[in-house]
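Student:
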Amino acid sequence: MTLTGCPANGIRGEIDQELRVYSYDDPTLEYRPMATTRSARLLTTLPAAGYYHVYTLNPADSGGWQVNESLALRVRNTQNALGNPIYTNCLNKWVLQDPDNGRPVALGTQFYAGTFIFDTTDNIFQVSHYCPVYRTGECQDLHTVREPRASCDSPYPGDHSVTDNSVELYPQSFCLIPAN
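Counting along the sequence shown from 1, when you hit position 49 you're at 39 in our numbering, and nothing is skipped either side.
(1) Using the Cβ count rule (16 or more neighbours within 10 Å means buried), how would you classify Gly73?
(2) For Cys142, which three-state DSSP category applies?
(3) To which residues does DSSP link His43 through a beta bridge?
(4) Could you check whether the region 97 to 108 touches the region 75 to 89, counting it as contact only if at least three pairs of C-beta atoms, one from each stretch, sit closer than 8 Å?
(5) Based on the DSSP output, what are the partners of Tyr12 in its beta bridges?
(6) Evaluate Gly3 with the Cβ neighbour count: other Cβ atoms within 10 Å of its Cβ, from every protein chain shown; 16 or more gives buried, anything less gives exposed.
(7) What is the rounded straight-line gap between the Cα of Leu97 and the Cα of Pro75?
(8) Could you check which residue in Gln116, Val65, Pro94 and Tyr160 has the C-alpha nearest to that of Gln56?
(9) Can you find the residues in the same chain that come closer than 8 Å, C-beta to C-beta, to Pro37, ignoring five residues on each side of it along the sequence?
(10) Could you check where the alpha helix (DSSP H) with Arg125 kicks off and where it finishes?
(11) Between Cys165 and Asn48, what straight-line distance do the alpha-carbon atoms span, to the nearest angstrom?
(12) How long is the line joining the alpha carbons of Ile5 and Gln162, rounded to whole angstroms?
(13) Given a cut-off of 8 Å, decide if Leu61 and Val135 are closer than it, judged by their beta-carbon atoms.
(14) Is the separation between the beta-carbon of Glu8 and that of Val157 shorter than 8 Å?
(15) Taking the beta strand (DSSP E) that Gly3 belongs to, which residues open and close that run?
(16) Based on the DSSP secondary-structure assignment, which residues constitute the bridge partners of Leu86?
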């Protein structure tokens, strides 16, 4: 998927690979290595270092029936080694809640993924699935239990018909808007 609409003051951002993360780690699957956190380099050179609001396309790729396809983004660089966002809604993260929990989302809709400090170059996007945070007992208010097969606290971490809950960020799916 490619982002088509970015405001005049926005910059279309592109990462060097697709980022798909899962609600559970499962290294036993040979056909598809699963991870709850992955990273990619931002290929876009920004006109100035500073704070930018990040918007992205819908990261929930399974439609409205699968809930809790929620993520937290970090942007690591020399100015922000941990990559934490400026504004938070869950510990030191901004969790982008699953936009299509039980309702359709118009194609091309952009969603706020956080405000971060950026270098002009050398920015690493790191995406993490929300479910591991939920399972620590934190940020419970962001969890939806309407569909038990897509719940973050499913008792079947090896049964992927139950827990194969993922989020995905596409390479050309970002809009960065200066936050000044």
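Just so you know, even glycine gets a beta-carbon here, dropped at the ideal spot from N, CA and C.
Tutor: Looking at the coordinates:
(1) By 1-based counting over the sequence shown, the position of residue 73 is 83. Buried.
(2) Against the sequence shown, residue 142 aligns to sequence position 152. Per DSSP, reduced to three states, the secondary structure at Cys142 is coil, with no helix or strand assignment.
(3) For the purposes of this step, residue 43 is identified with residue 53 of the sequence shown, where counting begins at 1. In the DSSP output, where bridge partners are listed per residue, His43 has Thr105 and Ile167.
(4) Yes: the two stretches touch, three or more of their Cβ pairs being nearer than 8 Å.
(5) As a working note, residue 12 is residue 22 in the sequence shown. In DSSP, Tyr12 forms a bridge with Ser156.
(6) Here the question's residue 3 lines up with position 13 in the sequence shown. Buried.
(7) Here the question's residue 97 lines up with position 107 in the sequence shown. Here the question's residue 75 lines up with position 85 in the sequence shown. Taking the straight line from one Cα to the other gives about 26 Å.
(8) Residue 56 sits at position 66 when you count from the first residue of the sequence shown. Minimum Cα-Cα distance from Gln56 among the listed residues Gln116, Val65, Pro94 and Tyr160 corresponds to Pro94.
(9) Within the sequence shown, residue 37 is the residue found at index 47, counting from 1. The beta carbon of Pro37 lies closer than 8 Å to those of Ile1 and Thr110 in the same chain, with the five residues before and after it left out.
(10) Taking the sequence shown and counting its residues from 1, the one referred to as residue 125 is at position 135. Looking at the DSSP string, the run of the alpha helix (DSSP H) that includes Arg125 is Cys121 to Arg125.
(11) For the purposes of this step, residue 165 is taken as residue 175 along the sequence shown, with counting starting at 1. For the purposes of this step, residue 48 is taken as residue 58 along the sequence shown, with counting starting at 1. Whole-angstrom Cα-Cα distance: 13 Å.
(12) Indexing the sequence shown from 1 puts residue 5 at position 15. Indexing the sequence shown from 1 puts residue 162 at position 172. Looking at the two C-alpha atoms, the distance is approximately 7 Å.
(13) Reading the sequence shown from its first residue, position 145 is the one you call residue 135. Reading the sequence shown from its first residue, position 71 is the one you call residue 61. Not closer than 8 Å, so no.
(14) Locating residue 8 in the sequence shown gives position 18, counting from the first residue. Locating residue 157 in the sequence shown gives position 167, counting from the first residue. Contact flag unset, no.
(15) For the purposes of this step, residue 3 is taken as the residue at position 13 of the sequence shown. Per DSSP, Gly3 is one residue of the beta strand (DSSP E) stretching across Ile1 to Gly3.
(16) As a first step, residue 86 is located in the sequence shown; it is residue number 96 there, counting from the start. Bridge partners of Leu86: Leu61.
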